[in-house]
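Colleague: So in the numbering used here, spot 122 of the sequence shown is number 175, and the numbers just go up one at a time.
Note that the Cβ used here is the ideal one computed from N, Cα and C, for glycine as well.
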Amino acid sequence: MANIVFVAKEIMGDETRVAASVETVKKIKSLGFDVIVEAGAGALSRIPDSEFEAVGAAIGVFADATSADVILKVRRPSESEISGYKTGAVVIAIMDPYGNDEAVAAMARAGLSTFAMELMPRITRAQSMDVLSSQANLAGYQAVIEAAVVYDRAMPMMMTAAGTIPAAKVFVMGAGVAGLQAIATARRLGAAVSATDVRPAAKEQVASLGAKFIAVEDDEFKAAETAGGYAKEMSADYQARQAALVAEHIAKQDIVITTALIPGRPAPRLVSRTMLASMKPGAVAVDLAVERGGNIEGVVTGQVADVEGVKVIGFLNMAGRVAASASALYAKNLVTFLETMVSKETKSVVLNLEDELIRATMLTYAGDVVHPAFGGAKKGDN
Numbered sequence: 054m055a056n057i058v059f060v061a062k063e064i065m066g067d068e069t070r071v072a073a074s075v076e077t078v079k080k081i082k083s084l085g086f087d088v089i090v091e092a093g094a095g096a097l098s099r100i101p102d103s104e105f106e107a108v109g110a111a112i113g114v115f116a117d118a119t120s121a122d123v124i125l126k127v128r129r130p131s132e133s134e135i136s137g138y139k140t141g142a143v144v145i146a147i148m149d150p151y152g153n154d155e156a157v158a159a160m161a162r163a164g165l166s167t168f169a170m171e172l173m174p175r176i177t178r179a180q181s182m183d184v185l186s187s188q189a190n191l192a193g194y195q196a197v198i199e200a201a202v203v204y205d206r207a208m209p210m211m212m213t214a215a216g217t218i219p220a221a222k223v224f225v226m227g228a229g230v231a232g233l234q235a236i237a238t239a240r241r242l243g244a245a246v247s248a249t250d251v252r253p254a255a256k257e258q259v260a261s262l263g264a265k266f267i268a269v270e271d272d273e274f275k276a277a278e279t280a281g282g283y284a285k286e287m288s289a290d291y292q293a294r295q296a297a298l299v300a301e302h303i304a305k306q307d308i309v310i311t312t313a314l315i316p317g318r319p320a321p322r323l324v325s326r327t328m329l330a331s332m333k334p335g336a337v338a339v340d341l342a343v344e345r346g347g348n349i350e351g352v353v354t355g356q357v358a359d360v361e362g363v364k365v366i367g368f369l370n371m372a373g374r375v376a377a378s379a380s381a382l383y384a385k386n387l388v389t390f391l392e393t394m395v396s397k398e399t400k401s402v403v404l405n406l407e408d409e410l411i412r413a414t415m416l417t418y419a420g421d422v423v424h425p426a427f428g429g430a431k432k433g434d435n
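1) Just reading off the beta strand (DSSP E) that P274 is part of, what are its end residues?
2) I need the straight-line Cα distance from E273 to I198, nearest angstrom please.
3) Classify D102 as helix, strand or coil using the three-state DSSP reduction.
4) Give me the Cα-Cα distance between P174 and A413, rounded to the nearest whole angstrom.
5) Exposed or buried, I308, counting other C-beta atoms within 10 Å across all chains shown (16 or more means buried)?
6) Out of D340, V360 and Q356, which has the shortest C-alpha to C-alpha gap to A192?
7) Give the secondary structure of I135 by DSSP, where H, G and I count as helix, E and B as strand, and everything else as coil.
8) Mind reading off the beta-carbon distance from L125 to V58? Whole number of angstroms is fine, and I expect it under 8 Å.
9) Have a look at S187, A330 and D250 and flag the residue whose alpha-carbon is nearest the alpha-carbon of A277.
10) What did DSSP end up calling F266 once you bin it into helix, strand or coil?
11) Can you give me the Cβ contacts of Y291 inside the same chain, cut-off strictly under 6 Å, excluding the 5 residues immediately before and after it?
12) Where does D359 sit, in a helix, a strand or coil, going by DSSP?
13) Taking only the alpha-carbon atoms, compute the straight-line gap between A116 and D87 and give it to the nearest angstrom.
14) Using DSSP bridges, identify the partner residues of E91.
15) So the beta strand (DSSP E) L416 belongs to, where does it begin and stop?
16) For R70, does the count of other Cβ atoms within 10 angstroms reach 16, so buried, or fall short, so exposed?
17) Less than 8 Å separating the beta-carbons of A169 and P150?
18) List the whole-angstrom C-beta distance separating A107 from V90, where the pair is believed to meet the contact cut-off of C-beta under 8 Å.
19) So V343 and L369 are supposed to be a Cβ contact under 8 Å. How far apart are they, rounded?
20) Are there 16 or more other CB atoms within 10 angstroms of the CB of R206, so buried, or fewer, so exposed?
21) Work out the CA separation of Y418 and S378 for me, nearest whole Å.
22) Quick check: M208 and A221, are their CB atoms within less than 8 Å of each other?
23) Could you tell me which of G335, A55, T140 and A300 sits nearest to V357, measuring between CA atoms?
24) Does the distance from the C-beta atom of L323 to that of R345 stay below 8 Å?
25) Roughly how many whole angstroms lie between the Cα atoms of L262 and A228?
26) By how many angstroms is the C-alpha of A163 removed from the C-alpha of A189?
27) Taking buried to mean at least 16 other C-beta atoms within 10 Å of its own C-beta, is G95 buried or exposed?
28) Under the three-state reduction of DSSP, which class applies to L341: helix, strand or coil?
29) Hey, I81 and V363 are a contact pair by Cβ (cut 8 Å); roughly how many whole angstroms apart?
30) According to DSSP, what are the bridge partners of V395?
31) Helix or strand or just coil, what does DSSP make of T312?
32) What residue does the alpha helix (DSSP H) around T238 start on, and which one ends it?
33) What is the DSSP secondary structure of G433, reduced to helix, strand or coil?
34) What is the C-beta distance between L233 and Q258, in whole angstroms, given that I count them as a contact (C-beta under 8 Å)?
35) How long is the line joining the alpha carbons of L84 and R252, rounded to whole angstroms?
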């Protein structure tokens, strides 16, 4: 009897994505697994049950997870979901483990082998499994679209017989994956775009997209990047000088998009109420770090709030607002990772605990919390 992969329907209220696509179900079947998709799992991503059935998946209910060897999800399973999984099952999802020690321990107590996709190392081998990049790309795109909807003027410069409409000025704070996509999207819509980042490598990337780079470029700036490609936390002195430069720049902008996140920490505060108050009437700001407390002072989670006369967009799960695209990319990330675990001989999952991808992403195994960042190898019931 073939091993079973179960694709769960997400139960979190704002989650629109699904952990499989028609393409990835085909791939999982080709690896030798049976696939059960929970009824309605793909509905919000425009994948009806019939399309999954057409490529060989069975449509089931949550109780079918009990027999599954592998469970694929978007979000970390809740306690009620965990209780329906069998001991030893492999669960792969975006686990959000930082600050959620009890939830991680609960998965260990249940004897699950769990993997956090967002901990995937940024190495060449893992590029096609990098969910942070695939989802941030779409979040950056969608941030500009949401801003354009709320901004009650045209984005590009328009020269008409009745007069000229100036291009909107868009400032992107943080030139990682989301920021670079926001820059590219705003440029495609015809905006005049500028951007800032503390990593020196970002300057060239920003310029290559046709945007102006804004930063205090001193010695600290030139050394401000970790080996993993993330931004380092800067000194208080640098932050003060950068904030002064940014404050002066923000006052002239129509739209500001913030994207700054440091894994496992509260989002850095980049835009103060004073800065917002200096902006033009009708200006718009989008905060892509709202899940970690937000980059913008006064942002309201899940809403468009009026803060000092600026419309501040604080939508959660920005990638999920383009669910069909986000699910297609996320599902491909998942199945590419799953394939590295599958034995060609037995057509089953065999966990090589020495594999660098396994070591980097595994949270719990055989009753233990095993990831050193979340308690090392403590017993789940300690």
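Modeller: According to the structure shown:
1) Along the sequence shown, one-based indexing puts residue 274 at 221. Looking at the sequence provided, one finds Phe at residue 274 rather than Pro. No beta strand (DSSP E) holds F274; the alpha helix (DSSP H) holding it covers D272 to K275.
2) Position 220 of the sequence shown, counted from the first residue, corresponds to residue 273. Position 145 of the sequence shown, counted from the first residue, corresponds to residue 198. Computed Cα separation, rounded: 34 Å.
3) Position 49 of the sequence shown holds residue 102. Helix, per DSSP.
4) Working through the sequence shown from its first residue, we reach residue 174 at position 121. Working through the sequence shown from its first residue, we reach residue 413 at position 360. Using only the alpha carbons, I get a separation of about 7 Å.
5) Taking the first residue of the sequence shown as position 1, residue 308 is located at position 255. Buried.
6) Working through the sequence shown from its first residue, we reach residue 192 at position 139. Nearest of D340, V360 and Q356 to A192, Cα basis: D340.
7) Residue mapping note: residue 135 aligns to position 82 of the sequence shown, counting from 1. Looking at I135 - three-state DSSP - the assignment turns out to be helix.
8) As a first step, residue 125 must be located in the sequence shown, where it is residue number 72. As a first step, residue 58 must be located in the sequence shown, where it is residue number 5. Going by Cβ atoms, the distance from L125 to V58 rounds to 6 Å, so yes, they are a contact pair.
9) Taking the sequence shown and counting its residues from 1, the one referred to as residue 277 is at position 224. The residue with the shortest Cα to Cα distance from A277 is D250.
10) Here residue 266 refers to the residue found at position 213 of the sequence shown. Looking at F266 - three-state DSSP - the assignment turns out to be strand.
11) Along the sequence shown, one-based indexing puts residue 291 at 238. Here the set comprises E273.
12) Translated into positions along the sequence shown, residue 359 becomes position 306. Looking at D359 - three-state DSSP - the assignment turns out to be strand.
13) The residue labelled residue 116 in the question sits at position 63 within the sequence shown. The residue labelled residue 87 in the question sits at position 34 within the sequence shown. Each residue's alpha carbon lies about 16 Å from the other.
14) In the sequence shown, residue 91 corresponds to position 38, counting from 1. DSSP, once it has assigned bridges, lists G113 as partnering E91.
15) Within the sequence shown, the letter at position 363 stands for residue 416. Run containing L416: M415 to Y418, per the beta strand (DSSP E) assignment.
16) Residue 70 sits at position 17 when you count from the first residue of the sequence shown. Classification of R70: buried, given that the 10 Å Cβ count is 16 or more.
17) By 1-based counting over the sequence shown, the position of residue 169 is 116. By 1-based counting over the sequence shown, the position of residue 150 is 97. Result yes, Cβ atoms of A169 and P150 sit closer than 8 Å.
18) Residue mapping note: residue 107 aligns to position 54 of the sequence shown, counting from 1. Residue mapping note: residue 90 aligns to position 37 of the sequence shown, counting from 1. The pair is not a contact, with the Cβ atoms about 12 Å apart (cut-off 8 Å).
19) For the purposes of this step, residue 343 is taken as the residue at position 290 of the sequence shown. For the purposes of this step, residue 369 is taken as the residue at position 316 of the sequence shown. Confirmed, about 6 Å.
20) Position 153 of the sequence shown, counting from 1, holds the residue named residue 206. That one is exposed.
21) Here residue 378 is taken as the residue at index 325 of the sequence shown, counted from 1. Here residue 418 is taken as the residue at index 365 of the sequence shown, counted from 1. So the alpha carbons of these two residues sit roughly 32 Å apart.
22) The count along the sequence shown starts at 1 and reaches residue 208 at position 155. The count along the sequence shown starts at 1 and reaches residue 221 at position 168. Yes, they are a contact pair.
23) Stepping through the sequence shown from its first residue, residue 357 is reached at position 304. Comparing Cα-Cα distances from V357 to each of G335, A55, T140 and A300, the minimum goes to G335.
24) For the purposes of this step, residue 323 is taken as residue 270 along the sequence shown, with counting starting at 1. For the purposes of this step, residue 345 is taken as residue 292 along the sequence shown, with counting starting at 1. Not a contact, by the Cβ cut-off of 8 Å.
25) Counting from one through the sequence shown, the residue named residue 262 turns up at place 209. Counting from one through the sequence shown, the residue named residue 228 turns up at place 175. Roughly 11 Å between the two C-alpha positions.
26) For this step, residue 189 is matched to residue 136 along the sequence shown. For this step, residue 163 is matched to residue 110 along the sequence shown. If I take the Cα positions, the gap works out to 31 Å.
27) Residue numbering aside, residue 95 sits at position 42 when the sequence shown is read from its first letter. Buried, by the Cβ-count rule.
28) Along the sequence shown, one-based indexing puts residue 341 at 288. L341: coil per DSSP, three-state reduction.
29) To locate residue 81, count along the sequence shown from 1; it is residue 28. To locate residue 363, count along the sequence shown from 1; it is residue 310. Between V363 and I81 the Cβ distance is about 46 Å, and since that is not below 8 Å, they are no contact.
30) The residue given as residue 395 occupies position 342 in the sequence shown. For V395, which the question treats as bridged, DSSP gives the partners V402.
31) Position 259 of the sequence shown holds residue 312. Looking at T312 - three-state DSSP - the assignment turns out to be coil, as it is neither helix nor strand.
32) For the purposes of this step, residue 238 is identified with residue 185 of the sequence shown, where counting begins at 1. Taken as a continuous stretch (DSSP letters only), the alpha helix (DSSP H) holding T238 covers V230 to R241.
33) By 1-based counting over the sequence shown, the position of residue 433 is 380. Because G433 carries a pLDDT of 40, less than 50, the predicted location of this residue cannot be relied on, and no value is offered for it.
34) One-based indexing of the sequence shown puts residue 233 at position 180. One-based indexing of the sequence shown puts residue 258 at position 205. The Cβ separation is near 6 Å, so the contact holds.
35) Counting from one through the sequence shown, the residue named residue 84 turns up at place 31. Counting from one through the sequence shown, the residue named residue 252 turns up at place 199. The alpha-carbon atoms of L84 and R252 are separated by roughly 41 Å.
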